Amino acid sequence: MMMDVDAGSGDRLALAVLAQYRMAATEQMHQILSPGVRIEQTLRRLAKLRAEGLIDRITMPQAGRTRVWFPTQYGVQVASEWPELRGRRPSKTVSDRTAVRLRAGHALTVTETGLAFPIERVLFALGVGPGHAPDEPA
Numbered sequence: 001m002m003m004d005v006d007a008g009s010g011d012r013l014a015l016a017v018l019a020q021y022r023m024a025a026t027e028q029m030h031q032i033l034s035p036g037v038r039i040e041q042t043l044r045r046l047a048k049l050r051a052e053g054l055i056d057r058i059t060m061p062q063a064g065r066t067r068v069w070f071p072t073q074y075g076v077q078v079a080s081e082w083p084e085l086r087g088r089r090p091s092k093t094v095s096d097r098t099a100v101r102l103r104a105g106h107a108l109t110v111t112e113t114g115l116a117f118p119i120e121r122v123l124f125a126l127g128v129g130p131g132h133a134p135d136e137p138a
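Per this note's numbering: the sequence shown = residues 1 to 138.
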């Protein structure tokens, strides 16, 4: 399968965030990926990664029909092969939609807690922020 992943930034970052945090709401992903642009750009990026089979989503029936994004097993496998994520224990893959729905409350709180830190620290901890080139080990 040939993927159109922009190896230097957004697609890679989106997948890395989901592989590490397990799941995130659209608004959380937007805050991490590109807070300075319209949220539609973030949605297009997430939709592209979903079409490539790297991530999936559920829509929560409550909470304003929040979309919750999570990596597929394939997405976790791809991300774990990147030098900056190699050696990290990958998060438990939660690729079953029912399991995602049942775990979403806690997982979104964990993601929100991570976002309370300056975004540069979050990205650096993920191995994809400033100071980490895509082909350098973290």
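Beta carbons are placed, not taken as given, at the ideal position from N, Cα and C, and that holds for glycine. Being a predicted model, the structure only gives us computed values, none of them experimental.
Backbone secondary structure at residue i - three-state DSSP
| i | result |
| --- | --- |
| residue 57 | strand |
| residue 67 | strand |
| residue 62 | coil |
| residue 146 | Because residue 146 is not part of the residues shown, which for the chain are 1 to 138, the question remains open. |
Range covered by the alpha helix (DSSP H) that runs through residue i
| i | result |
| --- | --- |
| residue 45 | 39-51 |
| residue 73 | 73-80 |
Same chain, Cβ closer than 6 Å to residue i, neighbours up to 5 away in sequence not counted
| i | result |
| --- | --- |
| residue 15 | 54, 75, 79 |
| residue 82 | none |
According to DSSP, residues forming a beta bridge with residue i
| i | result |
| --- | --- |
| residue 16 | Paired residues: none, contrary to the question. |
| residue 25 | 68 |
CB of residue i within 8 Å of CB of residue j, strictly
| i | j | result |
| --- | --- | --- |
| residue 71 | residue 18 | yes |
| residue 47 | residue 111 | no |
| residue 69 | residue 26 | yes |
Other residues of its chain near residue i: CB distance less than 7 Å, five sequence neighbours each side excluded
| i | result |
| --- | --- |
| residue 30 | 39, 42 |
Sequence-distant residues of the same chain with beta carbon closer than 8 Å to residue i, five excluded per side
| i | result |
| --- | --- |
| residue 135 | Because the pLDDT at residue 135 is just 47, under 50, the model does not fix this residue reliably, and the value given afterwards should be weighed accordingly. Excluding positions up to five away in sequence, the list reads 83. |
| residue 10 | 33, 34, 45 |
| residue 97 | 56, 58 |
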